[in-house]
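Chains as they are written, first to last, in this note's numbering: chain A, 32 to 596; chain B, 32 to 596.
Protein chains: 2
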Amino acid sequence: MTKIIEFETDPSRYRHWRVEYDGAVATLFMDVDEAGGLYEGYELKLNSYDLGVDIELADIVQRMRFEHPEIGAVVMRSGKDNVFCAGANIRMLGGAKHDHKVNFCKFTNETRNTYEAAANDSGQQYICAIKGSCAGGGYELALACNHIILTDDGSSNVSLPEVPLLAVLPGTGGLTRVSDKRKIRRDRADIFCSTEEGVRGKRALDWGLVDELVANSKFDEVVGARAREFADHSKTSASKNGSKYAKKNGNEKGIVLEPLQRIIGEDGSLTYSTVEIAIDRNGGIATIEISAPNSSAPGDLKELHGEGAQSWMLRAARELDDAMLHLRFNETELGLLIFKTSGDAASVLAHEKFMLDNRDDWLCNEILQYWKRILKRIDLTSRSLVALVEPGSCFAGTLAEILFAVDRTYMAEGEFEGDNRPIAKIGLSEVNFGLYPMSNDLTRLETRFLGAPDNVEAARASIGDMLEAGEADELGLITYALDDIDWEDDVRVFLEERASYSPDALTGMEANLRFAGPETMETRIFGRLTAWQNWIFQRPNAVGEEGALQRYGSGIRGKYDKRRV
Amino acid sequence: MTKIIEFETDPSRYRHWRVEYDGAVATLFMDVDEAGGLYEGYELKLNSYDLGVDIELADIVQRMRFEHPEIGAVVMRSGKDNVFCAGANIRMLGGAKHDHKVNFCKFTNETRNTYEAAANDSGQQYICAIKGSCAGGGYELALACNHIILTDDGSSNVSLPEVPLLAVLPGTGGLTRVSDKRKIRRDRADIFCSTEEGVRGKRALDWGLVDELVANSKFDEVVGARAREFADHSKTSASKNGSKYAKKNGNEKGIVLEPLQRIIGEDGSLTYSTVEIAIDRNGGIATIEISAPNSSAPGDLKELHGEGAQSWMLRAARELDDAMLHLRFNETELGLLIFKTSGDAASVLAHEKFMLDNRDDWLCNEILQYWKRILKRIDLTSRSLVALVEPGSCFAGTLAEILFAVDRTYMAEGEFEGDNRPIAKIGLSEVNFGLYPMSNDLTRLETRFLGAPDNVEAARASIGDMLEAGEADELGLITYALDDIDWEDDVRVFLEERASYSPDALTGMEANLRFAGPETMETRIFGRLTAWQNWIFQRPNAVGEEGALQRYGSGIRGKYDKRRV
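Here's what the structure looks like:
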């Protein structure tokens, strides 16, 4: 698996999904092209999916928000007759390297979380309409929806057959959503998750595995009615959790997410319009530099909507998102990501302020919500993350939030000899205090100052000031303030030292230190479930020659070492 | 590692610890015998420890509660001059099998949790007094104490060098307690946990890694004064968290925990006085049967204290605890544990009622607290757990709690042909509604009925009734009610099916399904940290031939595959 995986796509290139729009309701048909696998060696039978299928779904979900703000309800259903979805393709998983398996699960989890959050963030509710077998990753697609309808035809069923069939765990949040979202009684969950053939009909409803059971003859009718209800509900009522998505009336006109402009250099470097990635292969480092806008903020909403995907905050978001995914999947040996910024902090804050001032506009809301997701994507990236705050940088507001997402921040203190760029400063804004919660549902500053809320308040009081290194250090916002005598050596020593450590131990350490404080379904998925799955993905009982993943389809069950750990 | 590990010990056999008693203060000197390792092939240098050292510590902590109720403060310090403790022995870890490593970490974690909880449960506070190097597992011993004092001698230090030095994680809750108990700012935690040489002096205090920094010349004096203060505090004030440990005045007289009576059969079966374990090696099953008391409950406190460790509730607790540890470490291929009971439920409830009626007596309190710990030990046992409620059984009160700890419960319904024992019934009591919280700080019934508090109340209303299978099923307290026609086949099919699944996948599934609801430091340690550590313990970067654990002590660093996962 050495070819570059592309995360950009668009509807003209979809091979696995169809989308139909009807007023405020969109219907996604999952109709996977068997021959359309991302790699050789497997066929995507029975609506099973690989990363390529999920990249399309992620694109659909994203475009639903930006290109189709009029949509209030999204129905997910199968385009095939007798199967909803058979889950992740097992031959693909059996053949994939460990790091691809893990990254694949993480990306699919992020996509599930993204549409699960769409009800609260964007007033778009997802309904899963199940006919046929809905197994494993298929049922996990359903679990992330807001409402699950199952047809009562005597055979359609939901299942999580991973444990009995494949000796792995459901990898896309299945166990967590069964226990914590749907609150299935644990002995029933135990039965459900260890029963290959799954559960159908009344039992699925009684146990809470689905929300609604509908006679086959009335299926389309009920699904349609329910979709319209949900769409109406999205328009007329605030979200139950009180999130502040902009109210929409269904007459919004979307923008177009044009293709990104990206140049890949021979050394693997990437150049977008606002983001640049430099690669240091020997050092195992990628340096991500985000540039401040060089044009002024939109004058009014009309101008913003006219700019569309070209407006700086959205453009930078899309480019950064693409860059992070590229680094995760295509540059697995770069263990250290350095974040830098350059340009005018005032300009960053001005663009951001426009969004904040117009949060009841759906597009401004979507742009801010998108930054929330990207910042989470950074938190969840299994690389050592460091920010270098240098002269001429612009870590302010949304970009300053990156300082609290990374593991450490080094900040240049005072004048640097021979450097005529402005002294390094950072600046906070309202966005650092609530708009961008982490997976643990706290802000990054609340997490940083866990148990010390006074420190959060002291930081908040600095809004409006641009802070030099000494002040930032005093407020606990950076790790080290270094003058130009120490800067180069200290940073170099850190980078070399970090590169010398075991990547696995660092992944485990960072996953444990980044998410202090309360746990949520999301931290549980990425912290607990992922860790167990990573372990199981290494164990001979799953991936050994006689393991269940390898033997899948051969008609022979896995042979297991019975020692319990 | 095939010899049987014994978990019973007593002070006359200690090789690694000394305990001195002085009024309400006890001092534990860790003074590990280099030659006293549990296995061949390593020396326990620099106060490093293996399971044998920890078994002694667990014994000390347990006896402190039952044999020394007069103690209010326990000081943990080193019996050696220049080192506090170097942590878990690395050669031992390097040579141990995966399942032993994992079980070792779990047991040491349980011991840390046990003395960490002693302040709230038993009014015994632990103080760690550090002189010399306190590294890795050594600092984790300290982190679980209520108060950490470090000497300021220019060299004594605390550290978690696992990641940089050994390519594994601190395995005894270090990362979790750094982030969530001591709330160290995450960039500082990142530095601390990736710095081999650790932190000393003022920085350790400023960062919150220790509670008190004391000049070397005043060290003993301050430690002594602090211990007396903590002991006084234990006597005079309720615990901060409002737990209801029995108030003590320091004049309590302990009981003696006499050696357990245990017979091991040739087939590995175990017979205690109230607990029997039958082994089905082909089926991979151990059946644990607990017998109701056959004598009446103590008439008064004098009688209870006279019986001491022979009183049924304490005896059964000690035997069950020993049995669980034996199964975990010495019977790793028995993947399925069946719990049964036999005898008179009224007698179980009578003995329990005596404890409840006398909860302000320190011994009754300790016995109930001990059951809390054992039930947690069951929750955390990585085996499939099932309860069979048969005619003649006595799952009532404390024993009924086992029904809610296991993954599934099968209950016999009505008369069984040819079986003249009483019809199977279960009965709840007050203990099922608050006294025995799980690691997630909910009761097992609250966890079972997450999101459905009415079901908890309905169960509570049944206190006083003995419920037949139909009623128990109606209340959601069991998984299946089976009559004598279905019983044998259904149970057999389940046992065979379960035995056919991958033990690893079952471990991961059960760890994800058992602890729904809120997360705590404990669930985070056992759910998140353990899972990541298990993964890392499998990775070549740690345990491969060129991995850091294998190369430790060779002078050559580990060679790492740099791919990040």
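Cβ atoms here follow ideal geometry from the backbone N, Cα and C, with glycine treated the same way.
Sheet register partners of residue i (DSSP bridge)
i	result
A:S493	None; A:S493 has no bridge partner.
B:R439	B:V417
B:V189	B:C165, B:V230
A:F370	A:I319, A:A418
B:F60	B:R49, B:R108
A:I121	Per DSSP, none; premise fails for A:I121.
B:D311	B:I316
B:L498	B:I457
A:L301	A:I295, A:I308
Three-state secondary structure assigned by DSSP to residue i
i	result
A:K214	coil
B:S585	coil
A:Q155	coil
B:F426	strand
A:L288	coil
A:N247	helix
B:E47	In the sequence as presented, Glu is not what sits at residue 47 of chain B; that position holds His. Three-state DSSP puts B:H47 in coil, outside helix and strand.
A:G458	strand
A:F447	coil
A:V306	strand
A:E115	Correcting the residue identity first, residue 115 of chain A is Phe in this sequence and not Glu. Residue state, collapsed to three classes: strand.
A:Y80	strand
B:R595	coil
A:I295	strand
B:A198	coil
B:A160	strand
A:L580	helix
A:R479	helix
Opening and closing residue of the alpha helix (DSSP H) in which residue i lies
i	result
B:T561	561 to 569
B:E397	393 to 410
A:A542	534 to 544
A:N361	343 to 361
B:W518	518 to 531
Delimiting residues of the beta strand (DSSP E) encompassing residue i
i	result
B:M386	Not the beta strand (DSSP E): B:M386 falls in the alpha helix (DSSP H), residues 376 to 388.
B:R108	104 to 109
A:L181	178 to 183
A:A512	511 to 513
Cβ neighbour criterion (16 or more within 10 Å) applied to residue i
i	result
B:E334	exposed
A:V487	buried
B:N313	exposed
A:L233	Here residue 233 of chain A turns out to be Lys, not Leu, going by the sequence shown. Classification of A:K233: exposed, given that the 10 Å Cβ count is below 16.
B:S79	buried
B:Q292	exposed
B:G273	In this predicted model, B:G273 has a pLDDT of only 37, less than 50, meaning its place in the structure is not dependable; the value taken from the coordinates is given anyway. Exposed is the call here.
A:E383	buried
B:E71	exposed
B:K132	buried
B:E576	exposed
A:E87	buried
A:I587	exposed
B:N247	exposed
A:Q400	buried
A:V287	exposed
B:E350	buried
* Does the region 307 to 323 of chain B touch the region 366 to 382 of chain B, meaning 3 or more C-beta pairs lie closer than 8 Å? -> Taking a cut-off of 8 Å for Cβ pairs, the region 366 to 382 of chain B and the region 307 to 323 of chain B touch, as three or more such pairs fall below it.
* Asked: Does the pairing of the region 402 to 413 of chain B with the region 439 to 449 of chain B give three or more beta-carbon distances under 8 Å?
  -> By the criterion of at least three beta-carbon pairs nearer than 8 Å, the region 402 to 413 of chain B is not in contact with the region 439 to 449 of chain B.
* Asked: Are the region 148 to 162 of chain A and the region 96 to 112 of chain A in contact at 8 Å, needing three or more beta carbon pairs?
  -> Taking 8 Å as the limit for Cβ pairs, the verdict is that the region 96 to 112 of chain A does touch the region 148 to 162 of chain A.
* To do: Say whether the region 573 to 584 of chain B touches the region 195 to 205 of chain B, bearing in mind that this needs 3 or more beta-carbon pairs closer than 8 Å, one atom from each stretch.
  => Yes, the region 573 to 584 of chain B is in contact with the region 195 to 205 of chain B.
* Asked: Do the region 228 to 244 of chain A and the region 173 to 184 of chain A make contact, defined as three or more Cβ pairs closer than 8 Å?
  -> As far as the Cβ criterion goes, the region 228 to 244 of chain A touches the region 173 to 184 of chain A, which means the pair count is three or higher.
* Given 8 Å as the limit, is there contact between the region 456 to 463 of chain B and the region 491 to 504 of chain B, that is, 3 or more CB pairs closer than that? -> With the cut-off at 8 Å, the region 456 to 463 of chain B and the region 491 to 504 of chain B touch.
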